[in-house]
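Peer 1:
In the working numbering, the protein residues as written are 2 to 150.
1) Provide the residue(s) that pair with residue 57 in DSSP beta bridges, ordered along the chain.
2) Just to confirm the assignment: which complete alpha helix (DSSP H) runs, minimum length 4, are found wholly within the stretch 54-118?
3) In angstroms with no decimal places, state the Cα-to-Cα distance between residue 42 and residue 74.
4) Tell me the DSSP secondary structure of residue 37 in three-state form.
5) Among residues of its own chain, excluding the 5 on either side of residue 82, which ones have a beta-carbon nearer than 7 Å to its beta-carbon?
6) Beta-carbon separation of residue 118 and residue 28 under 8 Å?
7) Which word fits residue 46, buried or exposed, when buried means at least 16 other C-beta atoms lie within 10 angstroms of its C-beta?
8) Suppose you measure from the CA of residue 54 to the CA of residue 7; what does that come to, to the nearest Å?
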């Protein structure tokens, strides 16, 4: 007899997270193609949009990816005309990242898509239910990071 586990429990948190992740990826893939931006690039752009002048190292830390990954993504987004960098006037070794006008406009379109998806999947819940669930998920996410240490 096979062991019962979170893998075969349809309502387990882990299966639910997996399904939400895959559904969101599919949603983005079908809706973001016109912008020529993938999910990882949208997170990168978001880091710059909300933190103008952020460094590549800070983005890597915030997104839990390697600096090499960020350098590669930077080159792609620069080539697409979404971002540029400047040397920090106070620290010549630090490069500050900024969005171009095209980058800002594209990211604001992504915000609309995220909000559309967010509204659709949560439309059956009250604000209080949503807030409680978000707080619980934040706690789970924070604890997940502690597990990695």
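C-beta: ideal position from N, C-alpha, C; glycine also. On a predicted model such as this, the values are computed, not experimentally measured, just so you know.
Peer 2: On the basis of the supplied data:
1) DSSP, once it has assigned bridges, lists no residue as partnering residue 57.
2) 57-64, 68-80
3) 7 Å
4) coil
5) 101, 103
6) yes
7) buried
8) 42 Å
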